[in-house]
Structures are given as structure tokens and as C-alpha cells.
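The structure appears below as C-alpha cells.
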């Protein structure tokens, strides 16, 4: 790959206005200059309102903003050759910048023992930058993905996260996401965006200096290409590891990633499972007294 350069500068401004002790209004603007695409402004406005009901703290947030993103050097020029694993991801020098209009609304309820967060959003995008399976270039045993622009797209969804802090230091968090996406030109779903995703994370103290952490991810099926002709099935993975706090700021971690050995089939176009199968690991890290870990 020949040497490529990319110069980009941005100027930010933000005004934070406290309407009252419970309400806040934040406005921001960003002016960006890119050597390949020139100047472009974007801005946002957000409102926050908080109130209490007994031990529960409620927070409501609403925001509206515009976005602008130029394609990176990787997206325009890089060739990611993973033929040994059955796929390549190729850049596209003809990509245009992506612009968006985003509306979000969220509510959070926090108590000493629980934390519930709900957020709904809607994004309208022009020249969305995404990767898509190129069925015309792909060969048996080798899937070719390319970056491309989708002229008009819309994404809307819902994120719900519930966290419980239980007796004995046990902590569990469950996060579910629902996503609906649409290519406004063709009416087909956007590629590589699963409709449902579920993440689970739990932490169990074994004694004052050790913890067991278990995490899982469940993902529904997704379309692999922009024409919605190749569909990849859903999958589930689980990870588990132990953490031991040692003297003098050292932490020992050991465990396994992808316990179920859920792994993509070599060269399969209709498979979005992880490339890496079951993996055992052992690590030793050191942190200063002021570090968080």
C-alpha cells in the first residue's frame, strides 16, 4: 500500500447553562476542516432534568444534533487481507463524507441497589459509510467486503440496561438493544446490523481479594450484504475469568474467552460469528495506587 496522509482540524465550542438545580441545557458546535473535503459545521443541543422520589433519583435527557464524518484513510485506501481466515476488507477511494441528524431521549432511575437506563434514538443518515459483502467479487472460500456509501438511511432503536448491586458485593448487569435499520433507497435492512443484542455481565466476590467475572453476549441474525440476499445466523458466547489482587499493586487474571467455542466457518459468507474460538489466557498487571481497575 503506498503512503497516504490525511490532515484534519476541528474547533469546538460549548455552552453549559444551568436553568435550575434540577435542569441543565447544553449547546455545542464543531467546525471541522479536512484536506480532502473542506469545511463543515455541526451542532447539538441537549436538555437534562432530574428529580427524586424517595430513595430513587430520576434523570430525563433529550438531545438533537447533527453529525459529520469524513472517511478515514483505512476506509478509503486500506486493504485488510485476512485470506487465511477466508475474508478480505477493501477500501474505497470514492467514499463521500457521512452526515446525520440524531434525536435521542433517555430516562435513568438510580437507587442504592439498582440502576435502570432506557434510551430511544432515531438517526437519519446521508451517505452512510458501511461495509458490505461484495457478492460479485467473493469466491468460494473467500468473502470480499468493501466500504461503501448508502445515500439515504435511517436507524432507530431502543437500549435498556438494568444493573443490580446485591448483598455481599455481587453485581449483575443486563443490557438489551433493539435496532431497526433501513436503506431508504431500496427498502432493505442495512448490512451487518443485528436486530437484537443481549449482553450480560456479573461479578461475584470470592473473598476480599478475588472476584469471578462472567459475561455473555447473544446476537440475533443479520444481513451481510447491502441487497439483503445473504443472511448470517445468530450466535451466543460466554467468557469467564478470575481476578486476584496481589500485594504491591499487582493483579493476576486468568480464565477463558468464548467458552462455547463459537467460531466462524472458514470462508463462509453467511457467518458473522467470532473469528477467534475458545481461548485461555493468563495476565499479570501492575497499577499505581491512584489507578482505577
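Residue numbers (full-length UniProt numbering): 1 to 293. Beta carbons are placed, not taken as given, at the ideal position from N, Cα and C, and that holds for glycine. Computed from a predicted structure; not experimentally measured.
Start and end of the beta strand (DSSP E) containing residue 33?
Taken as a continuous stretch (DSSP letters only), the beta strand (DSSP E) holding residue 33 covers 23-34.
Count the other CB atoms within 10 Å of the CB of residue 299; is the residue buried (16 or more) or exposed (fewer)?
The structure shown does not extend to residue 299, since the chain spans only 1 to 293, so no value can be given for it.
Rounded to a whole number of angstroms, what is the C-alpha to C-alpha distance between residue 146 and residue 96?
Looking at the two C-alpha atoms, the distance is approximately 14 Å.
Just to confirm before moving on: does the CB-CB distance between residue 219 and residue 238 stay below 8 Å?
No. Outside cutoff.
Tell me, please, which residues DSSP counts as bridged to residue 162.
Partner(s): 116, 174.
Apply the 10 Å Cβ neighbour rule to residue 207 and answer buried if 16 or more other Cβ atoms are within range, or exposed otherwise.
When all chains shown are included, residue 207 counts as exposed.
I'd like to know whether the C-beta atoms of residue 189 and residue 182 end up nearer to each other than 8 Å.
In contact: residue 189 and residue 182 (Cβ atoms closer than 8 Å).
Using 10 angstroms around the beta-carbon of residue 143, count the other beta-carbons present and answer buried if the total reaches 16, otherwise exposed.
Residue 143 comes out buried.
Would you call the region 155-168 and the region 108-126 touching, i.e. three or more CB-CB distances under 8 Å?
Contact holds: three or more Cβ-Cβ distances are below 8 Å.
Using a Cβ distance threshold of 8 Å, determine whether the region 127-139 contacts the region 109-116, with at least three qualifying pairs required.
Because the criterion of three Cβ pairs below 8 Å is not met, the region 127-139 and the region 109-116 do not touch.
List the whole-angstrom C-beta distance separating residue 225 from residue 135, where the pair is believed to meet the contact cut-off of C-beta under 8 Å.
Correct: roughly 6 Å between the Cβ atoms.
Taking the alpha-carbon positions, what's the residue 72 to residue 10 distance?
Cα to Cα, residue 72 sits roughly 15 Å from residue 10.
By Cβ distance, which residues of its chain are closer than 8 Å to residue 293, with the 5 residues on each side in sequence left out?
Here the model assigns residue 293 a pLDDT of 47, short of 50, so the residue's position is not dependable and the matter cannot be decided.
Can you have a look at residue 197 and say buried or exposed, based on whether 16 or more other CB atoms are within 10 angstroms of its CB?
Counting Cβ neighbours within 10 Å, residue 197 comes out buried, since at least 16 surround it.
Three-state secondary structure (DSSP) at residue 248?
Residue 248: helix per DSSP, three-state reduction.
Which class does residue 277 belong to by DSSP, given the choice of helix, strand or coil?
Here residue 277 sits in coil by DSSP.
Residues in the same chain with beta-carbon distance under 6 Å from residue 12, minus the five sequence neighbours each way, listed in chain order, please.
30.
Could you tell me the distance, in whole angstroms, from the CA atom of residue 107 to the CA atom of residue 164?
Straight-line Cα distance between these residues: approximately 17 Å.
Within the region 167-221, note down every full alpha helix (DSSP H) run reaching 4 residues or more, in order along the chain.
Listed in chain order, there is nothing to give.
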